[in-house]
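Chains A and B are the protein sequences, given in the same order.
Residue 97 in the working numbering sits at position 97 of the first sequence, with consecutive numbering throughout.
Residue 1357 in the working numbering sits at position 357 of the second sequence, with consecutive numbering throughout.
We put the beta carbon where it would ideally sit given N, CA and C, even for glycine.
Nothing here was measured: the structure is a model prediction, and the numbers come from that model.
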Amino acid sequence: MIMKIMVRTWILLLVIGFLASSLSFSSFKINAAPAIGSTTVTLYPIADAYVNSSSPDTNYGNENSLYTSHNSELNYAYTMFNLSSIPSDANVISAEFKVYLSDIEGYTGSIGTHCSSNDSWTELGITWNNKPSFAETATDTVYYGMWVSYGYDSWNVTVDVRDALSKEKLTEVLVDHRSSSYAHFDSREFPQPRIRG
Amino acid sequence: MHISIPESSHSPELEVEYATLPVFVVHLESSQDTDATNDLGLMTFADYTFSLPTDIDVVAGSYQVSYSGGYMFMWWETSGSINVSDSKAATTTVMVSGGGTLRAVGNTKRLEYTYDHGQPKWESDTVGRIDAVRFTPLFSDQLLMARFYIYDLYSFGSNAFKLHVMDENRSDLITPFEQTPTSEGWFDVGLSSYGIGVNEGVDFYVGMEWINDYNPDLGEDSTSPSDRSSYWNGTHWRAESYNDFMIRAVVGTLIDHVVLVEGSTFHVTAESNSTTSNFQFIKEGKKLLFNVAGSTGTYGFCNITIPNQLLGGPFTVTFDEQPLSEVLSLDNGTHTWLYFTYPQSGHAIEITGTTVIPEFPSLLPLLLMAMTLITFIVRKKLKMIKE
Chain A
1 MIMKIMVRTW ILLLVIGFLA SSLSFSSFKI NAAPAIGSTT VTLYPIADAY
51 VNSSSPDTNY GNENSLYTSH NSELNYAYTM FNLSSIPSDA NVISAEFKVY
101 LSDIEGYTGS IGTHCSSNDS WTELGITWNN KPSFAETATD TVYYGMWVSY
151 GYDSWNVTVD VRDALSKEKL TEVLVDHRSS SYAHFDSREF PQPRIRG
Chain B
1001 MHISIPESSH SPELEVEYAT LPVFVVHLES SQDTDATNDL GLMTFADYTF
1051 SLPTDIDVVA GSYQVSYSGG YMFMWWETSG SINVSDSKAA TTTVMVSGGG
1101 TLRAVGNTKR LEYTYDHGQP KWESDTVGRI DAVRFTPLFS DQLLMARFYI
1151 YDLYSFGSNA FKLHVMDENR SDLITPFEQT PTSEGWFDVG LSSYGIGVNE
1201 GVDFYVGMEW INDYNPDLGE DSTSPSDRSS YWNGTHWRAE SYNDFMIRAV
1251 VGTLIDHVVL VEGSTFHVTA ESNSTTSNFQ FIKEGKKLLF NVAGSTGTYG
1301 FCNITIPNQL LGGPFTVTFD EQPLSEVLSL DNGTHTWLYF TYPQSGHAIE
1351 ITGTTVIPEF PSLLPLLLMA MTLITFIVRK KLKMIKE
C-alpha cells in the first residue's frame, strides 16, 4: 500500500515537473505601447561570427549560422552593432537583441547574452584563441523548454546599449548555459528566408 | 517613427527605442462630474488608444488627445506639467513638459458602455449566427442607441443584419429588426423610440444576427478581452473568451414631453446633456419653447424628436433669439429629428415650424358621426315614404 502511494506521488511529481517545464516556456508577454513621441530604430550587425574551442585558430566569420554549444566543445556567438545612428545624448528606453533560432538540441535551460566591452575584434579575424572577454553575468537569458519554436528570440539589452552609446559600438555574445546542448542561429550572411516543410 | 535598414532575412537585429528629449510618465484617467464613478471610456493619445486608468511614457511635446465612449464628455482636468489647448473640447492638443495627470470629466446623462478597446479585426459568419455583448448598467435609464463597428462592407449582396436587444437571459426584449449599414466604421442605430428601460446592475445584451452569409464584417478586438462577448451558433450560446465583439450601447435620459392639443396627445422627446425646463408648445406661433441650463463654459447638445402631425418642418432654431446655423435635421415621414449644440450656461431655445396641427381634427369625428346619423335618418325616412 505504502509502495503504491509512493509510486503515485512520484508520478504526480513528474507530471507537475513536466507541466511546469512546458508552462515556463509557453508564458507570453504583452507588448506595451512604446513611449509616445519616441523613435525606434532597427540596426543590423556590422560583424558576426562564432568561435569554437575545438578549433581554436579557425575563423567562422563567413558562416551562414552562429553556433552556440555547451558539450564536449564550447561555441560562443559574437555580434557587433554600430550605434552611431543613435544620438549620443539619447535616452534609450528599450533595446531588444533578436536572433533567429534555426536548430536546437540539448537539455532544457537558458541561453544568455553577455556584453563585451572590447569592440576591436573583426568578423574575419576572430577565433577562440583571440576572442574578447565578456561579462561573466548574462545581461538577459532566454529559457528553452521542452517545446521550442524556430524563429526570432529576443534578449533585453537596454542596459548594454545605454552603456555602449558613447563608444558607438556594441558587442553581444550568446553563450549556451545548458548542458549537452547546441543551438544554431542565422547569421547576417544567411541570404534568404528558409522554407520549412 | 520607425527607421529600418533592411539587410538579409533572418539576420540578427538590434531594435532600439530612444528619445532625444526627456520621457515623462503621464497618468490617464476619467471621472464622473459628481465623482460617483470613474475610469469609464477610452482615451486616444497620439494615435494610441488606452482603456482607463493607465500610465504611459511620453516624450516632451504636443500631441492630439481625445476621449470617447464612457461618459458624456464635459471638460479636461490636468495636474503636474500637463496642459491642454481647449479644456472644453473632447478632441484637443495636450502639451507635455513633465509628468502629471490628464483627466476627462463627464456626466452620465448619456453613457456609452464600451468594453472593447477600439482596435478592430474582422469577424464575419454565416446566416443565423448572433454575436452579442453583455452590458451591465451602472444606472437605471433608457437604452438610446446601439453601436456596431462595421469592419467591412461588400459590394455584392446585401449588408443587412438583424439587431437584437435581449434581457439578462438573452430573450429578445423587442422584435429583432433589420438594419443596413452604408459605410464602414461605427454604425449607430437609434433605439429611443422603443422605450427600453435598463436597470442598474441588471444585464442586457445587444446582438447582431447575420442574415447574409459573411456580410457584413463586424469588428472584434482581441485587446484584453472582457469576457462579455458570446455567440449563438444555432443551438447554443457560447462564450467568446479571446475577443470583444465591437458592439456598444448608449444609455441615457430621454425627456418625454406630453403635448395635449386639439384633443390629441403627442410625445416630443428630447435627449440633452443640459437640464431642460419650462417646455411649452405655442400652437398659434407654431413654436416649441424650452430653457436649457448647464455648466458655464461647456457645450450643450439637444437631440429632439417632434411628431410631424404636431409641428412640421422646415424648422428654424433660435438660441436666445439668435438663429442657430448648424442644425442637423432628419425627417422619417412621421417624426422630425433635430440635433444642435450651443454654449452653456442658461439659455432659451425656440423651435419654429412651418405647419401645425389644424384645429378641425377634434371636430372631424363629430362631423363624421353627424353625417352618418343624418344619412341613416334620411334613408329611414325614404324607406317609410316608399312603404
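- Here the alpha carbons of B:PHE1177 and B:GLY1128 stand approximately 14 Å from one another.
- Collapsing the DSSP output to three states places B:TYR1194 in a helix.
- For B:THR1136, the CB contacts under 6 Å within the same chain, skipping 5 residues up- and downstream, are ASP1203 in chain order.
- Rounded to whole angstroms, B:GLY1197 and B:CYS1302 show a C-alpha spacing of 20 Å.
- Legend: CB atoms of the segment 88-107 of chain A lying less than 7 Å from CB atoms of chain B belong to residues ASP89, ALA90, ASN91, VAL92, ILE93, SER94, ALA95, GLU96, PHE97, LYS98, VAL99 and TYR100.
- The Cβ atoms of A:TYR76 and A:VAL51 lie closer than 7 Å to each other.
- Chain A places a beta carbon closer than 7 Å to that of B:HIS1010, counting this residue as a contact.
- Listed along chain A is no residue with a C-beta nearer than 9 Å to that of B:ALA1089; the closest approach is about 20 Å.
- B:PHE1024 is positioned such that its CB atom lies no closer than 7 Å to that of B:VAL1133.
- Proximity to B:GLY1069 across B:TRP1076, B:ILE1082, B:VAL1059 and B:MET1043 peaks at B:MET1043, based on C-alpha coordinates.
- B:GLU1326 and A:SER38 have their C-alpha atoms spaced approximately 40 Å apart.
- Using a CB distance below 7 Å, the part of the segment 62-89 of chain A facing chain B consists of THR79, PHE81, ILE86, PRO87 and ASP89, ordered along the chain.
- Note that the segment 1014-1030 of chain B touches the segment 39-59 of chain A; at least 3 beta-carbon pairs, one per stretch, sit closer than 8 Å.
- By the Cβ rule, the segment 92-101 of chain A counts as touching the segment 150-164 of chain A, because three or more pairs are nearer than 8 Å.
- The beta carbon of B:VAL1016 falls within 7 Å of a beta carbon belonging to chain A, placing the residue at that interface.
- Contact with chain A is absent for B:GLU1350, since none of that chain's Cβ atoms lies less than 7 Å from the residue's Cβ.
- Counting along the chain, B:ASP1033 sits inside no alpha helix (DSSP H), nor does DSSP assign it H or E at all.
- In this structure B:ILE1282 is exposed. Its beta-carbon is surrounded by fewer than 16 other beta-carbon atoms within 10 angstroms.
- Around the beta carbon of B:GLY1263, a 10 Å sphere encloses fewer than 16 other beta carbons of the protein chains shown; the residue is thus reported as exposed.
- Chain-order list of chain B residues neighbouring A:ASP48: PRO1012, by C-beta distance under 7 Å.
- Taking a contact to require three or more Cβ pairs closer than 8 Å, the segment 1239-1253 of chain B and the segment 1290-1302 of chain B do not qualify as touching.
- In terms of beta-carbon proximity, B:ALA1104 stays away from the interface with chain A, with every pair separated by 7 Å or more.
- Of all residues in the segment 1293-1311 of chain B, none comes within less than 7 Å of chain A when Cβ atoms are compared.
- Taking a C-beta distance under 7 Å as the contact criterion, B:ASN1215 and B:ASN1169 do not qualify as a contact pair.
- Residues of the segment 1044-1058 of chain B that bring their beta carbon within less than 7 Å of a beta carbon in chain A comprise PHE1045, ALA1046, TYR1048, ILE1056, ASP1057 and VAL1058, in sequence order.
- Assignment of beta-bridge partners to A:TRP121 by DSSP yields no partner.
- At least one C-beta of chain A is nearer than 7 Å to the C-beta of B:GLY1061.
- Only VAL161 from the segment 149-168 of chain A bring a Cβ to less than 7 Å from some Cβ of chain B.
- In the DSSP assignment, B:ASP1221 falls within the unbroken beta strand (DSSP E) covering 1217-1221.
- Residue environment analysis places A:ASN59 among the buried positions, since at least 16 neighbouring C-beta atoms fall within 10 angstroms of its C-beta.
- At a Cβ-Cβ threshold of 7 Å, B:GLN1179 and B:LEU1163 count as neighbours.
- The contact set of B:PRO1022 on chain A, defined by CB atoms closer than 9 Å, consists of ASN91 in chain order.
- Within the segment 1294-1330 of chain B, the complete beta strand (DSSP E) segments of 3 residues or longer fall at 1299-1307 and 1316-1319, listed in chain order.
- Excluding the 5 residues flanking it on each side, B:GLN1280 has same chain C-beta neighbours closer than 6 Å at LEU1289, in chain order.
- Neighbours of B:ALA1239 across chain A, judged by C-beta separation under 9 Å, do not exist; the nearest C-beta is about 21 Å away.
- A direct Cα-Cα distance of roughly 20 Å separates A:ALA135 from A:PRO56.
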